[in-house]
Amino acid sequence: MAVGERDESGDSGVVSAVRDVLDGSLRARLGVTEDQNNLMGFLFVAPNVLMFSVFLLGPVLYAFYISFQEWSILRNAGTWVGLANYVDVLTPLPVQGGLTNLQLNTSVFTDPSVNLFWYSLKTTVIYAVGTVPLQIYGGLAVALMLDKRVRMKKAYRAAYFMPVMLSGAASAVMWRWFLAADGVINNFLEPIGELVGVQLAQNWAGNPSYALGGVMLMAIWGGIGSNMIFFLAGLQNVPEELYEAARIDGASAWQRFRHVTWPNLGNTNFFVIVMAIIGAFQVFGIALVYSEGGPVYATTTIVLLIYQRAFEEGKMGVGAAMAFILFLIIFAFSYHQYRHRQQEEVTY
Amino acid sequence: MARSSYEYPGYDRSGASYWSKTVVLYALVTTGALWMTLPFWWTLTTALSANPTATSVTFIPAEVTAQNFLKLWERPDILLVRWFINTVIFAGAVTAFNLTFDSLAGYALAKIDFWGREKLFLGFMSTMMIPGMVTLIPVYLILVELNWTNTYQGLIAPLAANPFGIFLLRQHFKSLPSALGEASKIDGCNELQTFYKIYLPLAKPALATLGIFTFMGAWNNFQWPLIIANENEMYTLPVALFAVRNQYFAEWGLMMAAALIIVGPVLIAFLAAQNYFIRGMSLSGMKG
Amino acid sequence: MTHNGTKMTRRHLVATGAVGLAGAFAGCTGGDGDSGGDGDSSGTSQATSGGSTTQVPSSELTLSGWAADDTESELLKQLIGSFEENHSNISVEYNPVQSNYKQKLKTQLGAGNAPDVFYVDANYFGSFASEDVLLDLSDLSNAEEFDVDDFFQPLLEAFKYDGTLYGIPKDFSTLGLFFNTAMFEEASVEAPETWSELRSALSAVKESTDVKAPLVEFPNARMWKAMLFQNGGSMLNDAGDEAVFASDAGVEALQYLVDLKKDGLLAVPSELGAGWHGAALGSQEVAAAVLGPWGLPFLEENHPEVNKNIDVAHLPIPEDGQKATSAYTVSYSASAATESPAASKSLIKGMTSPDGMAKWAKKGLALSARKSHRDLEYYQNHPRRKTLLEAGEWSHPVAYGPNSEEIINLLHPQLEAAMLEKKAPKQALETAQSKINSEVF
Numbered sequence: 121m122a123v124g125e126r127d128e129s130g131d132s133g134v135v136s137a138v139r140d141v142l143d144g145s146l147r148a149r150l151g152v153t154e155d156q157n158n159l160m161g162f163l164f165v166a167p168n169v170l171m172f173s174v175f176l177l178g179p180v181l182y183a184f185y186i187s188f189q190e191w192s193i194l195r196n197a198g199t200w201v202g203l204a205n206y207v208d209v210l211t212p213l214p215v216q217g218g219l220t221n222l223q224l225n226t227s228v229f230t231d232p233s234v235n236l237f238w239y240s241l242k243t244t245v246i247y248a249v250g251t252v253p254l255q256i257y258g259g260l261a262v263a264l265m266l267d268k269r270v271r272m273k274k275a276y277r278a279a280y281f282m283p284v285m286l287s288g289a290a291s292a293v294m295w296r297w298f299l300a301a302d303g304v305i306n307n308f309l310e311p312i313g314e315l316v317g318v319q320l321a322q323n324w325a326g327n328p329s330y331a332l333g334g335v336m337l338m339a340i341w342g343g344i345g346s347n348m349i350f351f352l353a354g355l356q357n358v359p360e361e362l363y364e365a366a367r368i369d370g371a372s373a374w375q376r377f378r379h380v381t382w383p384n385l386g387n388t389n390f391f392v393i394v395m396a397i398i399g400a401f402q403v404f405g406i407a408l409v410y411s412e413g414g415p416v417y418a419t420t421t422i423v424l425l426i427y428q429r430a431f432e433e434g435k436m437g438v439g440a441a442m443a444f445i446l447f448l449i450i451f452a453f454s455y456h457q458y459r460h461r462q463q464e465e466v467t468y
Numbered sequence: 246m247a248r249s250s251y252e253y254p255g256y257d258r259s260g261a262s263y264w265s266k267t268v269v270l271y272a273l274v275t276t277g278a279l280w281m282t283l284p285f286w287w288t289l290t291t292a293l294s295a296n297p298t299a300t301s302v303t304f305i306p307a308e309v310t311a312q313n314f315l316k317l318w319e320r321p322d323i324l325l326v327r328w329f330i331n332t333v334i335f336a337g338a339v340t341a342f343n344l345t346f347d348s349l350a351g352y353a354l355a356k357i358d359f360w361g362r363e364k365l366f367l368g369f370m371s372t373m374m375i376p377g378m379v380t381l382i383p384v385y386l387i388l389v390e391l392n393w394t395n396t397y398q399g400l401i402a403p404l405a406a407n408p409f410g411i412f413l414l415r416q417h418f419k420s421l422p423s424a425l426g427e428a429s430k431i432d433g434c435n436e437l438q439t440f441y442k443i444y445l446p447l448a449k450p451a452l453a454t455l456g457i458f459t460f461m462g463a464w465n466n467f468q469w470p471l472i473i474a475n476e477n478e479m480y481t482l483p484v485a486l487f488a489v490r491n492q493y494f495a496e497w498g499l500m501m502a503a504a505l506i507i508v509g510p511v512l513i514a515f516l517a518a519q520n521y522f523i524r525g526m527s528l529s530g531m532k533g
Numbered sequence: 004m005t006h007n008g009t010k011m012t013r014r015h016l017v018a019t020g021a022v023g024l025a026g027a028f029a030g031c032t033g034g035d036g037d038s039g040g041d042g043d044s045s046g047t048s049q050a051t052s053g054g055s056t057t058q059v060p061s062s063e064l065t066l067s068g069w070a071a072d073d074t075e076s077e078l079l080k081q082l083i084g085s086f087e088e089n090h091s092n093i094s095v096e097y098n099p100v101q102s103n104y105k106q107k108l109k110t111q112l113g114a115g116n117a118p119d120v121f122y123v124d125a126n127y128f129g130s131f132a133s134e135d136v137l138l139d140l141s142d143l144s145n146a147e148e149f150d151v152d153d154f155f156q157p158l159l160e161a162f163k164y165d166g167t168l169y170g171i172p173k174d175f176s177t178l179g180l181f182f183n184t185a186m187f188e189e190a191s192v193e194a195p196e197t198w199s200e201l202r203s204a205l206s207a208v209k210e211s212t213d214v215k216a217p218l219v220e221f222p223n224a225r226m227w228k229a230m231l232f233q234n235g236g237s238m239l240n241d242a243g244d245e246a247v248f249a250s251d252a253g254v255e256a257l258q259y260l261v262d263l264k265k266d267g268l269l270a271v272p273s274e275l276g277a278g279w280h281g282a283a284l285g286s287q288e289v290a291a292a293v294l295g296p297w298g299l300p301f302l303e304e305n306h307p308e309v310n311k312n313i314d315v316a317h318l319p320i321p322e323d324g325q326k327a328t329s330a331y332t333v334s335y336s337a338s339a340a341t342e343s344p345a346a347s348k349s350l351i352k353g354m355t356s357p358d359g360m361a362k363w364a365k366k367g368l369a370l371s372a373r374k375s376h377r378d379l380e381y382y383q384n385h386p387r388r389k390t391l392l393e394a395g396e397w398s399h400p401v402a403y404g405p406n407s408e409e410i411i412n413l414l415h416p417q418l419e420a421a422m423l424e425k426k427a428p429k430q431a432l433e434t435a436q437s438k439i440n441s442e443v444f
């Protein structure tokens, strides 16, 4: 990631050459040999290297292998099926026809019975598009408001941060009640609806058209607080002189935000967007606990689909194949954002 | 804080425009804060109602009873104490392992000059890119093979190390002067003693931050315990809440009482040590 | 077989670099006892037919299942106790598993450390049997005084795979029409016997009482599976290798339910305050529900006053239709890798013998799987349960072969789509059927 590279470049060249010389002389002074340093270094990192090999790197390779297997949890063994799992998951493709007359096959996105993977990918994208901007810019708005001279700032900050402390499972159970047909939210909506003559109260969780909306509402509610904290931290790093200069130049509040605050929040913004989207693509717990993926697949997100295939139906091979495709999507996105960010930095 | 004053030079604090802006500002912040906190209030009032209905819990509950909590306590399939202990053991052990392993590695990567150090650090950091979903299935199969399903070690081991902790502690150790270690070595301390006696005590604030952050993450973790714990006795609280939901669906009073039991301890800890939590959160934002 | 599986997995691990682990799970497999098991089988027939224990070598068995509550596990412990008294050389350790039982059992079977005897739900029985992890129980069907013909035939069939018996029904449940007699009287209607009578009864109840909805049903239309058979349809063809439920019979049945919902005669739980049928009946939000015997203890305990008014009738059928209902059943089965097959069979036999079954059924949560038990005093005193028991004769277990779970997973969302009026019933059923025929078979 960006961090590592920046650190390395910071250490490179003359600085690191000098450091090497100094380290060497120090080592000589202390009587510590290079071998001893190597040994100690390795011993100190050994537990982590072991854990990462067994629970991260090994499993990634193992998952890749499993994705080519038809796995039976009952026999705890698999049979090699080649690309069959990938084909099963991805077909019918969102495009059809030959290379010359390629057409979009939108039915995979509109009908879950055509291809559930593409359908749940669409659901996940809708979820991401609907939640991420509101989580981030809601968080930014709150941070900007609280960065001003507001009384009881600490209490407000605590209030916005409270939902962040919550387990997704707990928040899903709570919102399932608030959004129930006879729940608290409808209790508010009913009189308003009567006033304007519209049926506002709905069976929010039981209706396929609204169920995903409930999950999204919950995610926005739980996501604003953490982004607020990130932006509050980011705002501390904006040099005050810049505001001063802008003020002397007669810049309006909006201009100050646009030309001083916003460019200086670039790093925070990049991080927050990447994390939020990666998180959104892996949404699972709240969708499972809120509505178990239903009704009629309305809240079946990709990770929920992987969970159902692998752990409820025991199709580990299919699950692993889906997980790898999701990995590729997330990787491509992060890489794209990273390159985009680098280009932006050059233009500043 | 970098900026001691929130006032910008020449900030005009009088006149109608200032006051109307202030009113709008407070109205917005307060509405948002109500949206954030009212659900907690509804959870509390529902949990304290015998027959919760939307009208009876919205603001002030009509009657207050501990009956839902008693019911939870009495049901034979609801093992509140056991689940609570499980969650404490799980989150506690995950935190302890993370602090130990990550501080060792963070120290080595910051202060010991060994072969391949920078490459290893890069390697650790790049594991942050791996989405948890990819390793879920193979790790589960490995643990099945080890017979570690439904055990504490199965719950804990896969979460015992975390690249973010390594990064955080490496940055912290890097910020401490190397001269301290050199001096201690001249005094005859070996590397481990230098780490343990000199640097570790200085890293306490970073450890506390990372500790709270890790503990909270494990306490609220749903996905992994859901997969590895298939029996009542081994559930952690979030998974148990899911089981209670499936068993007692629509008994909202009971379910809100169960939700409160999970939320309560974390919320109390948060309100008591707000700054640590928020510091942990903003540090995690510094990764970028 | 377990051995092969384990070795193969070990190779996978080595190949992927997790070598360090391989040593740690040596000796985890249950396959070591296979040879001992072969030696036992000669004694099996005597042991099971004679009921005496002389031929069964002394064994320690583990038994695993789930228990709804403490009284149920206490009852099971009593049954085990009396079994141990009669079989002094067999000791049984009972390990009840709360929730997620299937997942746990599957991983235990995969890891080779499954219990000797365990419950298997008919819904996933087929997937177990087709993977050869269950012990052949054919001996028991020949055991004389065990009287295997006394079991309801559909239930016994549910635990056969390729003609071989791999499980003995532990108990079962059927669906019946639960209705509130007070409300029906208020609307001056009788227990309906046909679909059209049901419809008019529900309309009358809606008119004359203040229920939220006269009937409650899940969005996945649980009762539709029974109605399909009543209407002359079937889930699978006779060979069991093709889904045929999108027939006119199926579409008509689903259309009937969807129309009830459209006309406000049927509600799904999320539209009510109750989470399921029992709670909806108990809170008098509805006047009727198609429910199984598990609803009775709930009503007896939590709504004793309302319970007095709840009666149970056989499901209404179409005018020229046939009697049919759905059955949910669970077996006692044994692990193919058990070290003590003879003792395991002996235990299964003891638990499901006429005597053992009679004691078990008195719990009242599920029904005795034996036909002759309709004459038990217990059922004479509990007429509602007797009604549900009688229906065992014409019941269709919700179990559709080795891919049963998958079939249901593909079918339910389509039923849901129809019930929630997102799709026409015909289109929903045809989608599910073609999906199942192309993906499962």
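The listed protein sequences derive, respectively, from chains Y, R and W.
Residue numbers for the first sequence follow my numbering, so the first one is 121 and each next one is one higher.
Residue numbers for the second sequence follow my numbering, so the first one is 246 and each next one is one higher.
Residue numbers for the third sequence follow my numbering, so the first one is 4 and each next one is one higher.
Ideal Cβ positions, reconstructed from N, Cα and C, are used throughout, including at glycine.
To the nearest angstrom, how far is it from the Cα of residue i to the Cα of residue j?
{"i": "W:Ala27", "j": "R:Leu404", "result": "Note that W:Ala27 scores 31 on pLDDT, short of 50, meaning its location in the model is unreliable; the coordinates nonetheless yield the value given after this. Looking at the two C-alpha atoms, the distance is approximately 20 angstroms."}
{"i": "Y:Asn389", "j": "Y:His379", "result": "15 angstroms"}
{"i": "W:Leu268", "j": "W:Lys425", "result": "18 angstroms"}
{"i": "Y:Gly250", "j": "Y:Ser454", "result": "19 angstroms"}
{"i": "Y:Glu432", "j": "R:Ile473", "result": "13 angstroms"}
{"i": "Y:Asn196", "j": "R:Leu482", "result": "29 angstroms"}
{"i": "W:Leu143", "j": "Y:Leu425", "result": "42 angstroms"}
{"i": "W:Arg202", "j": "W:Thr328", "result": "18 angstroms"}
{"i": "Y:Tyr417", "j": "Y:Tyr427", "result": "14 angstroms"}
{"i": "W:Lys362", "j": "W:Phe149", "result": "16 angstroms"}
{"i": "Y:Asn235", "j": "Y:Phe229", "result": "8 angstroms"}
{"i": "R:Asn466", "j": "W:Glu210", "result": "50 angstroms"}
{"i": "Y:Ala407", "j": "R:Gly337", "result": "27 angstroms"}
{"i": "W:Leu78", "j": "R:Asn313", "result": "28 angstroms"}
{"i": "W:Gly353", "j": "W:Leu82", "result": "9 angstroms"}
Over what stretch of residues does the beta strand (DSSP E) that includes residue i continue unbroken?
{"i": "W:Val95", "result": "Ile93 to Pro99"}
{"i": "W:Ala316", "result": "Ile313 to Ala316"}
{"i": "Y:Thr199", "result": "Ala197 to Trp200"}
Run through the DSSP bridge pairs and tell me what residue i is partnered with.
{"i": "W:Thr328", "result": "W:Ser398"}
{"i": "W:Phe121", "result": "W:Ser67 and W:Ser336"}
{"i": "W:Ala291", "result": "W:Phe182 and W:Leu218"}
{"i": "W:Ala246", "result": "W:Leu239"}
Sequence ranges, beta strand (DSSP E) only - wholly within the segment 153–186 of chain W, length at least 3: 171–177 and 179–183
Taking a Cβ distance cut-off of 7 angstroms, strictly less, list which residues of the segment 276–287 of chain W are near chain Y, in chain order. For the segment 276–287 of chain W, the beta-carbon criterion of a distance under 7 angstroms to any beta-carbon of chain Y is satisfied by Gly276.
Which ranges does the alpha helix (DSSP H) cover as unbroken runs of at least 4 residues, wholly within the segment 322–405 of chain Y, from first to last along the chain? DSSP runs (the alpha helix (DSSP H)) wholly in the segment 322–405 of chain Y: 331–356, 360–368, 373–376 and 386–401.
Please list the residues of the segment 189–205 of chain Y that have a C-beta atom closer than 9 angstroms to any C-beta atom in chain W, keeping them in chain order. Gln189, Ser192, Ile193, Leu194, Arg195, Asn196, Ala197 and Gly198
Contacting positions in the segment 96–129 of chain W - beta carbon closer than 7 angstroms to chain R: Val100, Gln101, Ser102, Asn103, Gln106, Lys107, Thr110, Gly113, Ala114 and Asn116
Proximal residues, the segment 491–507 of chain R versus chain W, C-beta separation under 9 angstroms: Asn491, Gln492, Tyr493, Phe494, Ala495, Glu496 and Trp497
Residues in the segment 335–349 of chain Y with C-beta within 8 angstroms of chain R's C-beta atoms, listed in sequence order? Trp341, Ile344, Gly345, Ser346 and Ile349
For the segment 431–447 of chain R, enumerate the residues whose C-beta is nearer than 9 angstroms to any C-beta of chain Y, in chain order. Flagged, chain order: Ile431, Asn435, Glu436, Leu437 and Phe440.
Which runs of the alpha helix (DSSP H) spanning at least 4 residues fall entirely within the segment 477–514 of chain R, listed in chain order? Here the runs fully enclosed are 482–492.
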